[in-house]
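Below is one structure, written out as structure tokens; comments come after it.
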Amino acid sequence: MRLAKCICRGHLVPYLAEESNPIGLRNVQTVCIYCNILQGGGWSYYSANMKTALDYVSRTPILEKEKSFDTDFLVDWIPGARRSNIVFEQKDVLVTPILDSEHWDIDQHGFCILKAKTNLSVEKAFEKEKETQKACWYEIEALLHDKFPQHSRIEGYDFTYRVYEQPARIPHADVSRDGAFMQLSHSFPGQDKFWEAKDFDITNVWRPLVGPCEDWPLVILDWTSVDANKDICLNDAIRRDRVDENSLLHYNPNHKWYYIKDQGPEELLVFRNSDAGGTRSRAFHCAALNPDAAPTLSRQSVEVRCVAFY
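So the sequence shown is numbered by the numbering used here: it starts at -5 and just counts up by one.
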């Protein structure tokens, strides 16, 4: 399937060419399904799907006996020690460009898309890191409170800037339900009594620093396509000073992956990793190699991780 870009509001809509004109766009007339306006000619062409490969956790016999784990340090000096017991399998997937940002609901799909201007730049992010983090957080906090008024308090606990660093293409959620409590204990030491009896979400906000982002875009999985009983692999992430728990993913051909094509700094992906009860929708995500990316600047992005209390 091909897509054409709606000239009224920029939506991507199915492009159905006449049989006599299967390639050209000039003589095409169709209705934008979102604007309900008859459109004609002059639309730009978009490929409907991005073909890429992701690294899923293989269902190996060892994981029937052991919980999956990995370390972020070498263990060669320990006889018989392993850094991980995970075997990854590369699977080809199709990633669909998001057609309408307003369609996605974090409570149903695990993620949503917000649009907001920012004063953040690559130069500010790295030349004045502490100052920029503070300003960035004020922007994000105000935006989240406006979008999610049900949250009584939102606290950021991690800011990650990436420039010229290509992350792994392993689908994951940063923390599991138990991992969420581990993360809060580590990020807010001595404050357990404040949050241990409260309901909360662990939420990420991701945006590129420059756009359009073609190089290694962030792809995100629709929670409605996940079999929570079969697809999720809880994983011990062993650090030098602590143990965290995140969630990895087994392959399922029913998975539906999406991304924001040519994402700009004013388009924010907001997604849930986990919650206090471990029952709400969440969004597995990862970076993905875009084989059709133009030879532009490498991906430059900022990600804010936060806890949102109800």
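C-beta atoms are modelled at their ideal positions from N, C-alpha and C, and glycine is treated no differently.
Identify whether residue i lies in helix, strand or coil by the three-state DSSP scheme.
i	result
Gln177	helix
Trp251	strand
Thr65	strand
Phe153	strand
Pro55	helix
Lys109	strand
Leu283	coil
Asp225	coil
Trp98	coil
Trp189	helix
Trp200	strand
Ile232	strand
Tyr304	coil
Leu263	strand
Glu239	strand
Asp168	coil
Exposed or buried, residue i, counting other C-beta atoms within 10 Å across all chains shown (16 or more means buried)?
i	result
His279	buried
Arg53	exposed
Glu239	buried
Tyr132	exposed
Gly184	exposed
Ala136	exposed
Val237	exposed
His103	buried
Ala288	exposed
Glu260	exposed
Ala174	buried
Ala222	exposed
Leu68	exposed
Asp94	exposed
Ser275	buried
Ser146	exposed
Could you name the residues that DSSP lists as bridge partners for residue i?
i	result
Ala47	Asp86
Thr218	Partner(s): none; Thr218 has no beta bridge.
Gln294	Val157
Ile148	Ala302
Val213	Cys280
His139	DSSP, once it has assigned bridges, lists no residue as partnering His139.
Asp195	Asp269 and Ala302
Between the alpha carbons of residue i and residue j, how many angstroms are there, rounded?
i	j	result
Phe63	Ala47	23 angstroms
Phe44	Ala231	The sequence given here places Met at residue 44; Phe does not occur at that position. If I take the Cα positions, the gap works out to 30 angstroms.
His186	Thr273	Correcting the residue type first, residue 186 is Asp in the shown sequence and not His. Distance between the alpha carbons of Asp186 and Thr273 is about 21 angstroms.
Leu283	Tyr253	12 angstroms
His139	Ile148	8 angstroms
Met176	Gly258	33 angstroms
Leu203	Leu262	11 angstroms
His166	Leu243	6 angstroms
Lys124	Trp71	38 angstroms
Lys192	Glu60	32 angstroms
Leu228	Ala162	18 angstroms
Gln294	Lys255	15 angstroms
Leu32	Phe188	Low local confidence applies: a pLDDT of 42 at Leu32 is under 50, so the model's placement there is unreliable, and no value is given.
Ala308	Ser268	Because the chain here runs from -5 to 304, residue 308 falls outside it and cannot be looked at.
Glu83	Tyr245	9 angstroms
Gln127	Pro55	44 angstroms
Lys141	Lys250	25 angstroms
Leu88	Pro73	42 angstroms
Arg156	Asp49	21 angstroms
Trp98	Ile92	9 angstroms
Leu212	Ile164	11 angstroms
Phe303	Gly150	12 angstroms
Cys207	Glu190	39 angstroms
Lys109	Lys85	32 angstroms
Val199	Thr154	11 angstroms
Ala281	Ile214	9 angstroms
His180	Ile107	29 angstroms
On the premise that residue j lies in contact with residue i, defined as a C-beta separation below 8 angstroms, what is that separation, rounded to the nearest angstrom?
i	j	result
Ser78	Thr90	With 8 angstroms as the limit, Ser78 and Thr90 do not qualify as a contact, their Cβ atoms being about 31 angstroms apart.
Ala270	Phe105	Not a contact, Cβ separation roughly 19 angstroms.
Arg201	Val51	Wrong, their Cβ atoms sit about 28 angstroms apart, outside the cutoff.
Run the proximity test for residue i: is its beta-carbon closer than 8 angstroms to any non-hydrogen atom belonging to the ligand PLP?
i	result
Val69	Absence of the ligand PLP is noted for the structure shown, with no ligands found whatsoever.
At least one CB of chain B closer than 9 angstroms to the CB of residue i: is that the case?
i	result
Val157	Among the protein chains of the structure shown there is no chain B, as only one such chain exists.
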